[in-house]
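All the letters of the sequence shown, read from the start, carry residue numbers 2 to 535 under my numbering.
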Amino acid sequence: MATHHARRLPAAAAVLLLVLLAGGSAADDASSDDDAGVPPSPGCSNKFQLVKVKNWVNGTEGTIVVGLSARFGASVPRDIHEAQKTFAVLANPLDCCSNSTSKLTNYIAIAQRGECAFTAKAKIAQTGGAVGLLVINDNEELYKMVCSDNDTSINVTIPVVMIPQSAGKKMKGLLDQGARLEVQLYSPNRPVVDLSACFLWIMAIGTIVCASLWTEFVACEQVDERYNQLTRKDGPNSGTTNREDKEIFEISAKGAIVFILVASVFLLLLFYFMSSWFVWLLIVLFCIGGIEGMHVCLVTLLTRICKDCGQKTVQLPFFGEVLTLSVLIVPFCTIFAILWAVYRHASFAWIGQDILGICLMITVLQMARLPNIRVASALLSAAFVYDVFWVFISPLIFHESVMIAVARGDNSGEAIPMLLRIPRFFDPWGGYDMIGFGDIIFPGLLVAFSYRFDRASKRGLFNGYFLWLTVGYAVGLFLTYLALFLMDGHGQPALLYLVPCTLGLIVILGWFRGELHDLWNYGRSQTENLVDEP
2 MATHHARRLP AAAAVLLLVL LAGGSAADDA SSDDDAGVPP SPGCSNKFQL
52 VKVKNWVNGT EGTIVVGLSA RFGASVPRDI HEAQKTFAVL ANPLDCCSNS
102 TSKLTNYIAI AQRGECAFTA KAKIAQTGGA VGLLVINDNE ELYKMVCSDN
152 DTSINVTIPV VMIPQSAGKK MKGLLDQGAR LEVQLYSPNR PVVDLSACFL
202 WIMAIGTIVC ASLWTEFVAC EQVDERYNQL TRKDGPNSGT TNREDKEIFE
252 ISAKGAIVFI LVASVFLLLL FYFMSSWFVW LLIVLFCIGG IEGMHVCLVT
302 LLTRICKDCG QKTVQLPFFG EVLTLSVLIV PFCTIFAILW AVYRHASFAW
352 IGQDILGICL MITVLQMARL PNIRVASALL SAAFVYDVFW VFISPLIFHE
402 SVMIAVARGD NSGEAIPMLL RIPRFFDPWG GYDMIGFGDI IFPGLLVAFS
452 YRFDRASKRG LFNGYFLWLT VGYAVGLFLT YLALFLMDGH GQPALLYLVP
502 CTLGLIVILG WFRGELHDLW NYGRSQTENL VDEP
């Protein structure tokens, strides 16, 4: 049997693998803001809901504002056709902490946060005849308006909604100028079945399956070993006829633990020091990795289709002899990545991000490999703890989820690009469904190992492990999105569900078949017996 030498990845690729851990949770970016440990009380037991505030200025429709309903007061309609257009007016005084001198009857009052309790503002607005109250927050966050301990009996029958500071200032400025402002409050239901999440589910599974089968069914062996990357190759006069070995990074158990610890430190640095320039650094790293990944995939595919393309080479300074096809494809991939970076805020930018990300992950799963279940257990168990801690436990220490804050780019105003994302086309709230690269790469390493083990053991589809681990990953990802739905869109540590459904499955299946020892020690004897070739 032919053997290859496992060699370490270039430093840049190792750093890129570390950066991938920054996106390790499945989430969406528009969720209903439900209870967060706020106990209900009589008259103060409403469920927090995001509210759309549609507005018209002098008859011209403006930009829809998203607000948050209070724990008390009337609920807003779910259907826009049931919501009434109502003129808005500023409370006077603006804090609405005393009886308003401006006419509020049959108007929606707009008041500034502060000086008194939210329930006091609502009662005064209701007493003045207002049919609703919009509270302008003192920042862009949507604060949860709850009842105070002294509010033992609340009888507020009008809807109360908080809106961001910028939107409130704009409305106040328009009313101060004498403009006629009409508003319409409603809170549409989100679809029970999120089709965008289904597409993302298929993309994630497809990426893992494609990466696992890539070498055998897509990559030409000659191209895979010799021209898979734009790297230096020994020429005919170099004194050797051996082809350049495929560069493989074989993960070790010790390296897996160190990797997760370093990733945790890196995540904290992102959390505390993330700024626009730091995000740009991540964008540049993502583009470099995406260019390399896209180049590798395109060269491999085109060379597989057109055999002659893999024979034409050209001599380049420093690189030596490389494929002519690579010289043509690298500029295309570079332009593609640059255009994505320039237009990354456009509505269509998710397409380019997903293409670059999928190509990058396929390439990483070709270069990085798990040697056996022993190392897989160390890596995935550590990643499991990492994901759960930084999503669920970190709020107890840092007052917010570190992982989700970094993924959203809270401190920089930009989201990091190490995510697959897809718009929620059929959701009235819009936004994106997302999954971090780590939630695909970590289980993908195990699925790819199972395929190599099956092929080496000459196993069929059903008596092997690859099919069942693929099904296990699909089930784990489904459970992730089910939890996401049940938790009203709050970010979930996907590895909480994926690790038991993949690592747990192969351990149980191996034990049941009496093959756990072979899976645990696979490749160790071969590695110990390897002798470097001259």
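Heads up, the beta-carbon is just placed ideally off N, CA and C, and yes, glycines get one too.
None of the values given here were measured: they were computed from a predicted structure.
Check, Outcome
"Residue nearest to Phe-287 in terms of C-alpha spacing, selected from Asp-519, Phe-337, Ser-76 and Ala-384", "Phe-337"
"Where the beta strand (DSSP E) through Pro-424 begins and ends", "420-424"
"Cα-Cα separation, Tyr-523 to Ser-167", "60 Å"
"Residue of Val-54, Val-90 and Ser-70 minimising C-alpha distance to Ile-81", "Val-54"
"Gln-316 - containing alpha helix (DSSP H), residue span", "Element bounds for Gln-316: not the alpha helix (DSSP H) but the beta strand (DSSP E), 314-317."
"With 16 other Cβ atoms within 10 Å as the buried cut-off, status of Tyr-273", "exposed"
"Chain B contact for Pro-424 (CB, 8 Å cutoff)", "In the structure shown, chain B does not exist; there is a single protein chain."
"Residue ranges of each alpha helix (DSSP H) within the region 250-312, 4 or longer", "254-274 and 277-306"
"Bounding residues of the alpha helix (DSSP H) (the contiguous stretch that carries Met-163)", "Looking at the DSSP string, Met-163 is not in any alpha helix (DSSP H); the run it does join, the beta strand (DSSP E), is 161-164."
"Reference Asn-59, options Thr-87, Glu-83 and Glu-516, closest by Cα", "Thr-87"
"Span of the alpha helix (DSSP H), counted from its first residue to its last, around Phe-88", "Careful: Phe-88 lies outside any alpha helix (DSSP H), inside the beta strand (DSSP E) at 87-91."
"Trp-521, DSSP secondary structure in three states", "helix"
"Alpha-carbon to alpha-carbon, Phe-438 and Ala-264", "14 Å"
"Proximity below 8 Å, CB of Ile-339 to CB of Ala-212", "no"
"Reduced DSSP secondary structure (H/G/I, E/B, other) of Met-404", "helix"
"Nearest to Asp-428 (by Cα), restricted to the options Gly-505, Val-500, Tyr-474 and Val-193", "Val-193"
"Residues that Leu-134 bridges to, as DSSP identifies them", "Ala-110 and Val-161"
"Straight-line gap, Leu-478 to Ser-458 (C-alpha atoms, nearest Å)", "28 Å"
"Cβ distance (whole Å) where Ala-254 is taken to contact Arg-370 below 8 Å", "The Cβ separation is near 14 Å, so there is no contact."
"CB contact flag (Asp-434, Ile-423, <8 Å)", "yes"
"Cβ-Cβ distance between Tyr-482 and Val-448 below 8 Å", "no"
"DSSP state of Ile-417 mapped onto helix, strand, coil", "coil"
"Start and end residues, beta strand (DSSP E) containing Tyr-433", "433-437"
"Three-pair Cβ contact test at 8 Å for the region 116-125 versus the region 133-151", "yes"
"Element boundaries [alpha helix (DSSP H), containing Lys-55]", "Counting along the chain, Lys-55 falls outside any alpha helix (DSSP H), though it belongs to the beta strand (DSSP E) covering 51-58."
"Ile-394 vs Val-407 beta-carbon contact at 8 Å", "no"
"Exposed unless 16 or more other CB atoms sit within 10 angstroms - verdict on Ala-347", "exposed"
"Whole-angstrom distance between Ile-330 and Leu-299, CA atom to CA atom", "8 Å"
"Coarse secondary structure for Ala-369, derived from DSSP in three states", "strand"
"Ser-149 versus Val-67, Cys-45 and Gln-185, residue with shortest Cα-Cα distance", "Cys-45"
"Terminal residues of the beta strand (DSSP E) in which Ser-378 lies", "Segment 374-389 is the alpha helix (DSSP H) holding Ser-378; no beta strand (DSSP E) there."
"Buried/exposed call for Ile-261, threshold 16 Cβ in 10 Å", "buried"
"Which of helix, strand or coil DSSP assigns to Leu-182", "strand"
"C-beta contact flag for Cys-360 and Gly-294 at 8 Å", "yes"
"Span of the beta strand (DSSP E) around Gly-321", "321-324"
"Nearest candidate by alpha-carbon position, reference Leu-517, set Phe-426, Ala-377 and Ala-383", "Ala-377"
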